[in-house]
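2 protein chains.
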Amino acid sequence: MRRILPILALLLPNAASAAPGPHLSPADIVAHAPDTAWADVPADRLLVMTLADGRQVAIELAPQFAPVHVGNIVHLARAHRWAGGAIIRVQDNYVVQWAPRDEKAQPPAGFVAHPPAEYDRARQGISFHPLGFTDPYAPAAGFATSWPVAAEGERAWLPQCYGMVGVGRDMPPDTGDGRELYVVNGEAPRQLDRNLAVVGRVLTGMETLGALPRGTAALGFYADKAQNVAIRDIALAADLPPAQQPHLQVMRTDSPTFSAYLDARANRTDPFFVRPAHGVALCNVPVPVRPKRQGAAR
Amino acid sequence: MRRILPILALLLPNAASAAPGPHLSPADIVAHAPDTAWADVPADRLLVMTLADGRQVAIELAPQFAPVHVGNIVHLARAHRWAGGAIIRVQDNYVVQWAPRDEKAQPPAGFVAHPPAEYDRARQGISFHPLGFTDPYAPAAGFATSWPVAAEGERAWLPQCYGMVGVGRDMPPDTGDGRELYVVNGEAPRQLDRNLAVVGRVLTGMETLGALPRGTAALGFYADKAQNVAIRDIALAADLPPAQQPHLQVMRTDSPTFSAYLDARANRTDPFFVRPAHGVALCNVPVPVRPKRQGAAR
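Protein sequences, first through last, are from chains A and B.
Take any residue in the first sequence, count from 1 to its spot, add 17: that is its number in the working numbering.
Take any residue in the second sequence, count from 1 to its spot, add 17: that is its number in the working numbering.
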């Protein structure tokens, strides 16, 4: 018999098992979540990256955390500045980074050349669902409006977890402007928290970005431009023909289902396990994503 | 100017920068480490996996944590039971798993058919260098003889960090026997701590394993056997011709250099950073590895 390991099946909408009961896995809880536990990802906060080979990646933007950088990114996407761009860097257990077609091109109208350091924001207004366990990087950790959030005093920020998208920059005081972006691909490099702007997260397609060949030059850059992974385009979903717009939902982190899911992530009592951990790290509770179901109420 | 992100350059022996001083990056500290900060990885604790395409992965074994499972693995390697085997599963942000050529073959002499649950061990005898920060999965976390270690009361275990190798098993009470192994490839699935036997870690070659295409069947298994990634062999380094034996060193976690490295991982003050985190997670302090230098004292 093939030996297996437990799975966190975030995208198995048909993985319904027995009716909800004790000792459920996180995947079971997600599979049985009612429609009211899910929130739509609006098309004007969603980017669709299409690689030259046709594979796609969906990225949800977080304007509530980095409004100016996100504004720049939306301007760039609407002007198709990444069409003909490329993934130029894949560093194992760290990041995948991409660049626009022409770094020297005049930015589009409305672009802010030198955004402020949107590395954290005011905590006020954030409705925080605590993680419930310690975080070595921040005094407070939890979730708000379907995002993971860390906080200290009156400041809050998006943590640099697996799948989170941030803004590449030069040495301080440069903050980056949104033209070069990266996604975290490995153990969460939380030392980057509050040092670079986090603008969003990959919702679908990490299996594509994560499997790219690692670059062999320093920092994981591709040594030869011929190795760069060509990007066909990065577009705002709202600008795509309706039939091409992804319809995705993320779990509401203020829902009872999310509370149960978080508890199950921290305390695995499903049959595969012999000992629950009684704790979990912030980045080890990825907020569930699913394709929106036809006829779903919201 | 290309925008960059900081790098943890664990294998850049020539990345010497300025003489040691303040505000060093972890990479700087590793690059300047004296030879006395490094310990050889013995050839009889080292596996060399060679894929059919010639790429290699070096795996250090941890018999002090899982002696029976490691004993089985050594028997299997010496009998070349993975020659003609394959990587059968690659699940994004989770594991890469491989299997021997013939699951039905009679195990080699000396093989223990039903090993005990080597999911943790007595803490006694472990010389613990504390991490110095909280861990949501264990009351105590740190390092011992160049391994990351978590502990609770009188028990200690190897955490399921990126690059750690564990034993695939079926439902309890099965413990696995070492024939199917996996490596963690993503955010540390620490919920697996004390639920599966950890037998070692990948020292070199994660850039190969991490970049494999993700399987599309459930749990990341390859849907079609034709997609399996063929293994030419997994051999014990000590059994290879001397010229083929990797000579690797890991940093001594009882060395002053390691203390400085750990501090730098937790407090990035090198020029790229604007704000140190003042903390770090256990799995975000990978123990440095380097090729042994010719003429190095040990």
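Note that the Cβ used here is the ideal one computed from N, Cα and C, for glycine as well.
The DSSP-derived three-state label of B/Glu224 is helix.
For A/Leu253, the enclosing beta strand (DSSP E) covers residues 246-253. Only exposed fits A/Asp119, as fewer than 16 other CB atoms lie within 10 angstroms of its CB. Looking only at B/Gln266, B/Ala44, B/Ala116, B/Arg106, the smallest Cα-Cα distance to B/Asp250 is reached by B/Ala116. With its beta carbon at least 8 Å from every one in chain A, B/Gly217 lies outside the interface.
Per DSSP, A/Asn89 is one residue of the alpha helix (DSSP H) stretching across 84-95.
Excluding residues up to 5 positions away in sequence, Gly159 lie with their Cβ nearer than 6 Å to the Cβ of A/Pro147 in the same chain. In this structure, the straight-line span from the alpha carbon of B/Gly195 to that of B/Ala100 is close to 15 Å. Excluding five sequence positions before and after A/Pro230, none of the CB atoms of its chain fall closer than 6 Å to its own CB.
B/Arg218 has B/Glu77, B/Met181 as its beta-bridge partners, per DSSP.
Annotation for B/Val47: the continuous alpha helix (DSSP H) segment containing it runs 43-48. Neighbours of B/Asn301 in chain A, taken as residues whose beta carbon is under 8 Å from its own, are Glu204, Ala205, Pro206, Arg207, Gln208 in chain order. At a cut-off of 8 Å between beta carbons, B/Val291 contacts chain A. Contact between B/Asp210 and B/Tyr154 is confirmed by a C-beta separation of about 6 Å, below the 8 Å threshold.
According to DSSP, residue pairing for A/Glu169 in a beta bridge involves A/Arg172. The alpha-carbon separation between B/Glu224 and A/Gly227 amounts to approximately 11 Å.
When 8 Å is used as the limit between beta carbons, B/Ala173 is near no residue of chain A, the shortest such separation being about 14 Å. One thing to note: B/Val65 has its Cβ no nearer than 8 Å to the Cβ of B/Glu77. Per DSSP, the continuous alpha helix (DSSP H) segment holding A/Thr274 begins and ends at 273-283.
Looking at the DSSP output, A/Ala116 sits in a beta bridge with A/Ala103. In this chain, A/Asp256 is not harboured by any beta strand (DSSP E), its DSSP state being neither H nor E. Assignment of B/Asn110 by DSSP, reduced to helix, strand and coil, places it in the coil class.
A distance below 6 Å between beta-carbons, with the five flanking residues on each side excluded, links B/Lys309 to the following residues of its chain, in chain order: His264, Gln266. Here A/Ala44 is buried, its C-beta having at least 16 other C-beta atoms within 10 Å. Cβ proximity to chain B below 9 Å picks out Val107, Gln108, Asp109, Asn110, Tyr111, Val112, Gln114, Ala116, Glu120, Ala134, Tyr136 from the region 107-136 of chain A.
When DSSP states are grouped into helix, strand and coil, B/Ala294 belongs to the coil group.
Of the residues B/Asp280, B/Ser272, B/Leu68, B/Ala277, the one whose Cα lies closest to the Cα of B/Thr53 is B/Ser272. Looking at B/Lys242, B/Phe82, B/Thr286, B/Ala130, the one whose alpha-carbon comes closest to that of B/Arg218 is B/Phe82. The region 85-100 of chain B makes contact with the region 122-129 of chain B, as at least three CB pairs between them are under 8 Å.
A Cβ-Cβ distance of about 7 Å is found for the pair B/Trp174 and B/Arg138, placing them in contact under the 8 Å criterion.
Membership of A/Thr67 in the beta strand (DSSP E) is indicated by the continuous run 63-68.
Counting C-beta pairs closer than 8 Å gives fewer than three between the region 286-294 of chain B and the region 180-189 of chain B, which falls short of the contact rule. DSSP places B/Ala161 in the strand class (E or B) of the three-state scheme.
In the structure shown, the three-state DSSP call for B/Gln208 is helix. Scanning its chain for C-beta atoms nearer than 7 Å, with the 5 sequence neighbours on each side dropped, one finds around B/Ala277 the residues Ile46, in chain order. The closest CA to that of A/Gln177, considering only A/Asn245, A/Glu169, A/Pro206, is found on A/Pro206.
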